[in-house]
Every structure is written in structure tokens, then in C-alpha cells.
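The listed protein sequences correspond, in order, to chains A and B. With our numbering applied, the first sequence covers 1 to 406. With our numbering applied, the second sequence covers 407 to 1048. Below is one structure, written out as C-alpha cells; the observations come after it.
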Amino acid sequence: MAKKKVRKKVAKKKTTRKKVVASASKATTKKTSRSRKKTSRSKRVQGAPGDRLQNLASFIATEASRGKDPFLDIPTRALSNVAYSERNRIIEMGDATQRRSFFNLSQAKKFMQTTLVAAGCSELIRQSKTTSIRDLFYHCKHTIEGTKENTFDEQNESDVVIEDLEVALMSLREELGLFAEPKGAMVGPMTIVDQGDVIELSKMGSGGYAIPSIVEEDIIQFRKHAAKFVLLIEKGAVWRRFNEDRFWEKHKCMIVHGGGQPPRGVRRLLWRLNHELNLPVYVLVDNDPWGYYIYSVVKQGSINLAFESPRMAVPDAKFVGMSSFDAEAFDLSREVMIRVTDQDVRRAKEIKRYPWFEKRRHWQKEIDHMLKKGVKLELEALSSKDFSFITETYLPMKLKQGDFLD
Amino acid sequence: MMTSGKRKKVSSRTGGKKRVAVRKSRDAETLAKSQREISVSEFFAKNRHLLGFDNPRKAMLTTVKEAVDNALDACEEAGILPDIHVEIDHLPEIDENRYRITIQDNGPGIVRKQIDNIFGKLLYGSKFHRLKMSRGQQGIGISAAGMYGLMTTGKPMVITTRWKKGKPAHHVELAMDTTKNRPEVTVDVETDDFPPHTGTRVTIELEGRYTRGRTSVDEYLEQTAIANPHARLSFRPPQKASADDPDDPTLMDAEKNGSIPGRENGSDISELQHTTKFGDLVVYPNTIPELPPEPREIKPHPRGVELGTLLRMLKQTEHNQVGGFLTNEFSRVSSKVSQQICQKAGITPRTWVKNIGHSEAEAIYKAIQGVKLMGPQLDCLAPIGTKQILAGLLKGVRAEFYTASTRPPAVYRGNPFQIEVGLAFGGDLPKDQLARVIRFANRVPLLYQQSACALFKAVLETKWRNYGLSQGRGAAPDAPIVIMIHMASVWVPFTSESKEAIADYDEIRKEMRLALQECGRKLASYVRRRQRIKRESQRRDVFQRYIQEVARALHTIDDTIETEEVARNLQSVATSITELADETTDDDALGSSGNGRLDKDENTVILADALGAEDEEAEPSQNTRRTAAAADEEESLFGEQR
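Next comes the structure, spelled out in C-alpha cells:
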């Protein structure tokens, strides 16, 4: 039964991705003048990541053989180039691109770096290996023959290029054989298989199961589970409280943390738990703009990698806390509140204007209330009542009352 | 009787009561007469700084300058291509500061009876009373030099001149009686010690000091060569005592070794342009084998005449009636115009000139300002010409870009004048130094009082930043550039008798500004183009650096892509995209043959080899002084007929 469902979902996933590609090419036909670039791009985003890399390489080689300036079109990663889809309830990437051409003095080095990273990824894929982005940085870093110039000087140069390549090829870095430092843990009443090892997630001790960077189906398969929902907790420390108090046992749920902004592995896992196992996802974060944004990324996807939203965003995720109204509701003392900084105010106002928050009255109220009070709340503030106030009183009450924001 | 009456009237202007004034004026006139007779020479002897004999160093330069200027003027007036030799001998056995200066030209020579006055009398000459573009103006120069020599060494000036081929040359030794402003001939013989052609040789012994660098004889000759590309100049500076520097290569040695003196020993280029090798004969060849058109003598324009001058002219005229006087002594005065002037002045053209007193003269002066007059004739000037300026700069300055412009003639105070500007930029010119401004008035270099000169001020005023050069506030541009600026006029308004700086007239300033701007624009387009070429080649460098990396990466991704093939393809794209950078190489090829490339603009020359050689190490090259075959030249100068 569960297996069938999984297959269905996988199929659905594929169609969504195709849709994105199709919509991109549809937009292309409208702008006929730039058709050449779009054709090349849509060609490049078809097939397996390895093939896409090959397409990219042969495109560059062909351009060069035709005496043209080879280029890469890299979708713009900015708020200006994302759109909130009301229908899919996720952030979708627009079709604005930045052209990176080789024979442009300010782009030549970046272009060269991009081909080097692409070559590194292609080696990884061919050898079926995965590595860290830092590893790849060292792999690609060397001195250019006959000069004193390095291909890369700092890791952030290669990190940016990796992101560029991801969006240009419409491939996740995980698909390109790269992973970020794993961050985040999970426990709960569930059995999974990770690279052939059967793991009982209810028997993970105090540390929990470290969520790997790559959680695709070929690596992690879900077996049986007794969970009714998934709870994403912002911080590891609070998550430990939940684990220690065996909250997951009592409430039959999976508890997950992402160490702040959850990394892709965690987000992708949440997506799979939600889409494949139909588990609702609840988000528990600090009451500050940063917490709002974590929720926003989990729910709608990130602006930076908007093209991944269909595979990562969980539009059904709910915001359980903390709300700016919780201070009154749970009678928290003023001492535990932190005054908002100017930056917090700016950020909150920015979030308030995001299209996916703009039309939600309760969210507008929530943010306005925080701004009005001028204070923010950390999850730990609840410990002023009692160490286990959060697991024994606060969250059970919220869940029982259905007191969450959508 | 008539004249005394006139004087009475003139003096009544200055004096108070008539009777007293008459007596006084008579006294004053007598006095003035005697003063002039005795004091012209004496005055300048005492105030020799006014004529440019402030110190031994400057005295030497002034002497050379006056003699060379005279020689050039004489040659040009006679229609002979000037070939002038300057020789300075150090005579340390007499005195450490004792020098003998010899200047020899191939001019028309001087007839015997004029020699005494020309060389032995101050304020005697052909150029003062006329309005014609020439180097000399007052007739002070050479006799003052002789006077200075006589005063400092007691040695008379020696003049050798042949005025007709086949006739013997005159050898005259002249001392000057400074108290009487009169020549005193001490030796007067006929001699064979002169080349067979006509010409004049002047030898003056004086107290001086020979140095190189700025405001030196070398600089003067170098700049004279620039402004006079039709003249051939040769110069033998004082011999350095051979014991001092036995390694000093002579010209002959240098020729044998195939190296050109002045470039070795890693000597600085900037110094080189002014530095002469001791003991070498330096030759500035003539690069334009034709004389400049002869400037025409013109009559003064009425507007340019001041009341005093008008009075003098009235006194000196040969015409009896005012109408004739006006139409014949001035330019642009037709009989109709003279009628108008007379009418306005309340007289008739038939009025006798001798009846014109001071008040009538003043009326005429005022009337002149009131009538409509045509501007002065402008065709009386002989500018150097852009082509000649370029030739001169090419000869004298080793740069990569040359441009010149000649403004149409204009008028200040009734005197026609014309401004020319030449620029030489880049190449071997010293970087990180302020621009060098070389100033000329009627083809004569002005070496002193730069900051007081309108020519220099005009350079400072120009906004060179607009033309791609850096420039500090109120300073000359900070760039490897030589700015040549020339004023040609029938009367150059010098600020002093030593003719060192040009006075500031708005009309002149305006013309200078326009000429500088014209050249500046051309320079700007060149500078921009040069920058573009440089940028392009830098661009290409960057691309080329990355091509191998990209090609290898592509091969790693897809091994059907051949590294070499992609690299080759990318290389050819890089080459075509940065095509402009190739212009450098093209120009290089041109430059190696030693020919300058004449741009589309005829007034601009770009020396391509300089452009390419920018990063190369200094290599021996033909600099200012093309010393080649100097030994032969010398022989021809002194021996054969040219």
C-alpha cells in the first residue's frame, strides 16, 4: 500500500518538474528575439545531470567552432526573478537570466570557473562518488599554467559557481554529486533504510538520526511508521528537549531539526515525508523575522534556489509557533522578551511584503503584532515557566486547539 | 621756422605755461639729443640684463641666439636655405670662464660699408621701422653681444663676410665705442679664410659658462631646429679636456661601433634631449628642402596706431597732404575712407600735413577709431605650417604621436598674428613629469620667463583632462607630452627687450586656446585609441590565459571534445573579438621599417614603432641629433661650396 503511494508521488514529482521546464520554454516563444539562448537552455536542462553537463560542454564547443562567443545563461537568483504561484502555493523561478559569456572581460574568469566546476561534477557523476563542496573547491583549485593566477582563491568563489550551475542545469547539487555539510537530526516512530542499512528511528539515543545531505529515494527508503505528523523544530537545543522528553513517543510524530535554516537534505526529507507518507508538517521556530523566514522557506521554497521549490517546498506546512500573541496567551514575563533591532524591523517589514504573506490577514496581524510590541521571543523563553513547559504544556495545547497559522 | 612752431605746440601738451615750455623744451631736446648719442650703448652696457646678458651662462646663450637669429633672417631674406654652424671653444688657458663663440652662415654676406654699423652700433637695423614678420625686431642683438664680449674680455668682435662669390672676403675686427654708440674698426683686411660661398662669420670672445640642460645653447638650437625644419644647423660644443674622460667615445668611434652616442650608459632620456656629447659635432639636418614663403611687409593698420606713433608718422611722411598720407602710409585706407576720416576730424584730404598740429592729429586719431575699416591684411604672415611643425617635431622629439594645427590669422591692436600649436606625445618622452612647453615667437625659441609668458599661460588654462591627460590645478598637464606653441606676427608684443615672454592680449590668448584645443582633440582621440588597443590586448591576454583551462574542462566533461581543437577555436574567436589589439602589431611591423604612418588626418603623424616599443627596454635609436656622417658634413661646411 505504502509502496504504491510512493510510486504515484514519484510520478507526480516528475510531471511537476516537466511543467516548470515547459513553462520556461513557453515564455521563451514569446520573446522570439532571445530564442537562441532559450533553446540552448531548455536543451541543457533535459536528461540526467550527467547528460546535461555533456550538453553544456558540447554547446560551448560548438559555439566556439562556429566562431561565436560561448556563453551560459544562468537564471537570476533574486526576488525580482521569482513569482509566487497561487495554484501551486510555492515560489517559482521566473525566466530572467544572466548571460555569462567567455569573451567578456568581467565574466571570463567566472566562465572558466564554471567549466571547471562542471568538469569536477561530471567526474563525480561518472565515478558515482559524492563529495563536499569544499572538496570540490580543492579539486578545481590550481595555478593557471604560465601565470601566478589561481583558478580559485576562496571557497566562496566555487560555492557561488556551484549554485549557478545548479540553476543553469536545473539540477540539484546532490544530483551533481555534491553535498553540503550535513546538519539536522530526526527521531520518531519510523523505520527507514539508508543505503541498505535498516534504521529504527525510535532507537537513535539522544543524538538522533543525522539527516544526510542526499535523501533521494535511491538512498533512503521509508519502511513502516506510526507517525501522525512531522514537527520541524528550529534549533537543535530545543529539539533535544523534545527528544529527552520523548515527545515523539507520546504524540506519535517525527521530530526534526535543521540547525537554524534547514539545509536541503532536511527540506527534501520533509517534502518526502509530506508527499509520500501524507504526514502533515508543523514548524516550531523562534518568534522573530528569522523564524518567519525559516517557515517561509520550508513552506514556499527559497528565493535563491526557487527552481527547487517543486521538490522541496511543503505548501501544507503549518506554523505552530511561536506566535507574537503567545506571550499574552501563556503569560510570559517581560524579562524573557528581547527588544527588536532595526534590522529585525526592516526584515519583518520585508517579509510582510512577500506576496505569499501579503494576502494572508492572520500573517499580517502576526507580524504587525510583533512590530507593535517591539519584542521577539525565543523558544527557550518558555523555559522560564518550566524546563518541560514547551513539551508538556505549550505544544500539546497548541496542537489540541489547532492554534496555528497557515 | 615751421618745425620750431610745431615743436612749440607739441611741448605745450606737456609743459604748463607756453613761454617757459618753449625754453624748456629746447633745453630738453638738446639734452635728449646728447643723451641719445652717448647713452644708448652705455645704458645697455650698464643694464645688460635688459638684453639678456644677466649672467655668464645666459650671456652665452643670448650671443648664440642673436647671431643665429640674424643669420636665419639674412638667409631667408636672400632666398638661401640656411646652413648655420655654431662653434663654442673653451679657452681655459686664458680664463676658466673664457669662451670663443663662432657662428657662420651661408647667407648673402654684408657689404663692407654696412659692417661697422650693423655690428658696432646699437639700435641699427633694417627691421625696426617696418611691419614684417622677422626674428629680429629692434636691431640691438648682435651688437649688444659684441659689446658684452668687448666689455668682459676686451677682445673686439671679428666679422668675416663674403658678399659676392669670387670676390675676396672681408675680415673686420670691431670694437665698440660705448660712449658714442659708434663702431671702431681695429683691423680691416681682405682674406681667403672663408668658404667660397657667400656668408658671414662672427666670432665673439666673451666671459661665459657652458652648461647643458634647460635654457642652454643646446636647448636653443634644438628648438630652433624644430621651428626651422628648412634650416640645417650644426653645433660643436666646447671640447672637454680629454684627460677628464678618456673613455668618452668620439663620434668616429661611435660610427665604427654602430652605436649612436648619447644612448649608452643607461642615460636618462629626458636628459638626452638636452644633452650634447662633448666633443661631438651635432647636426640638425634640414628636413624640408624649401624655404618658407617670404612674409610680406605691410603698412600699419590705422587701428593699431597710437597717437604718439601717428604724430611720429606725420612728422616723417613724404606726403604733403593728409589724404595722401592716410592712403599711402596705412593699409586698408582707400581715398573714400580717408575722406571720411578727414571729414570726421574736421579737415579735408587736401589739408597740408605740415599744418597738422597736435590737436588736429588727435582729431584724426579719434576719427580713425570712428570709421569703418577693413581688418588688416592677413596674408603678410608666414607661419611655420603644420607639415613643417610636424617635420620639426619629428626631428627634435622622439614621441609616438605628433599633431599640429595652424590657426587662421587674427588681429591684436591692429597687428595681424597667427598661432600655431604642435604636440608630441608618448614614445620615449619621460613619463611622470609635467609637460614640456616650448615656446616660439616668429620661429625663435623663448627659453626664459616661461611663467610670465602668455603662451605658457594658455597651456595651463587648457583643460587637458578633457583630452585624456592628467593635470593638476593650475599646472601643466602631467603626461609624456611636448607642447610647442608658436606666435607669428609682424610685431610680437614682448614684455621686455630681451624678448623672453609674450604679453597677454585677450585676442592672442583666445587664438592660442583654440589652437591648443584643436590639437587636444586630436590627441584625445589618439589617447583613447591607444587605451582601447591596450585594453584589447589586455583582454586578449585574459582570454588566452583561460582558454586552456576551459578546453581541458570541456574535454573532461565530454571526451569526444578534443582539447586542442576547442582551444584552437576559442583562440580564433578571441583573436577576432580583440581584433583591435592587432593594430598594435600591424603598426609594429610598419614601425620597424622606420617609417611613420601618416594617419588620415594630414596634420597628424603616428610613429608606430614607438607605440610597440613602449614596454621594451631602451634601445639605441636615432635621437634628436642625427649625428651620422658628421665628419663629412663638417668638411662640406667649412671646405666645399654647398
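Beta carbons: idealized from backbone N, C-alpha and C, even for Gly.
Below 6 Å CB to CB, which residues in the same chain sit around residue i once its five sequence neighbours on both sides are set aside?
i      : result
B:S744 : G729, L732, T733, P755
A:E181 : none
A:L399 : none
A:M370 : S324
A:K224 : T191
A:S424 : Given that chain A is displayed from residue 1 to residue 406, the structure contains no residue 424 of chain A and the question cannot be resolved.
Would a check of beta-carbon distances place residue i closer than 8 Å to chain A?
i      : result
B:I939 : no
B:Q954 : yes
B:I509 : no
B:R962 : Sequence check: residue 962 of chain B is Thr here, not Arg. Cβ-Cβ to chain A under 8 Å: yes for B:T962.
B:R936 : no
B:R945 : yes
B:N634 : no
B:R842 : no
Return no unless some Cβ of chain B is closer than 8 Å to the Cβ of residue i.
i      : result
A:T151 : yes
A:I144 : yes
A:D69  : yes
A:M170 : no
A:A118 : yes
A:L105 : yes
A:L422 : There is simply no residue 422 of chain A to check, as chain A begins at 1 and stops at 406 in what is shown.
A:E154 : no
A:T414 : Coverage of chain A is limited to positions 1 through 406, which leaves residue 414 of chain A absent and any answer about it impossible.
A:A48  : no
At the level of alpha carbons, what is the spacing between residue i and residue j?
i       : j      : result
A:D342  : A:I367 : 15 Å
A:V281  : A:R240 : 19 Å
B:D975  : A:G177 : This sequence places Asn at residue 975 of chain B; Asp is not what is there. Using only the alpha carbons, I get a separation of about 30 Å.
A:F247  : A:S206 : 13 Å
B:D594  : B:V578 : 5 Å
A:S388  : A:D245 : 8 Å
B:K916  : B:Y808 : 23 Å
A:E392  : A:H257 : 19 Å
A:V345  : A:K352 : 10 Å
B:V972  : A:P70  : 11 Å
B:G560  : B:G458 : 19 Å
A:D164  : A:L124 : 18 Å
B:A473  : B:L456 : 17 Å
B:G781  : B:P883 : 36 Å
B:E985  : A:A108 : 17 Å
A:P355  : A:A83  : 8 Å
B:L853  : B:Q510 : 22 Å
B:A773  : B:C748 : 7 Å
B:I610  : B:G555 : 6 Å
A:G146  : A:T191 : 56 Å
A:F307  : A:M170 : 7 Å
A:I390  : A:Q364 : 25 Å
A:F330  : A:L201 : 32 Å
B:N726  : B:G710 : 23 Å
B:V1059 : B:G828 : For chain B, the structure presents residues 407 to 1048; residue 1059 of chain B sits outside this window and is missing.
B:L687  : B:H491 : 10 Å
With a threshold of 8 Å on Cβ separation, who are the neighbours of residue i within its own chain once the five nearest residues in sequence on each side are excluded?
i      : result
A:P315 : N88, R89, I90, K299, Q300
B:T715 : P706
A:L269 : M186, I211, V215, I220, V256
Which whole-angstrom value is the C-beta distance of residue i and residue j, which I expect to be below 8 Å?
i      : j      : result
B:A451 : B:M553 : 6 Å
A:L284 : A:G321 : 5 Å
B:E482 : B:L697 : 6 Å
B:Q824 : B:A894 : 5 Å
Whose Cβ in chain C lies nearer than 7 Å to the Cβ of residue i?
i      : result
B:S978 : Structure shown: chain C not included; protein chains present are A and B.
So, at 7 Å on beta carbons, what are the nonlocal neighbours of residue i in its own chain, with the 5 sequence-adjacent residues on each side left out?
i     : result
A:Q54 : none
| message | To test your reading of the DSSP string, which unbroken beta strand (DSSP E) runs of 3 or more residues are found completely within the stretch 453 to 531 of chain B? | response | 489 to 496, 504 to 510
| Of all the alpha helix (DSSP H) runs that stay within the bounds of the stretch 886 to 940 of chain B, which reach a length of 4 or more residues? | none
| task | At 4 residues or longer, and completely inside the stretch 736 to 815 of chain B: list those alpha helix (DSSP H) runs for me, N to C. | result | 741 to 751, 764 to 776, 792 to 802
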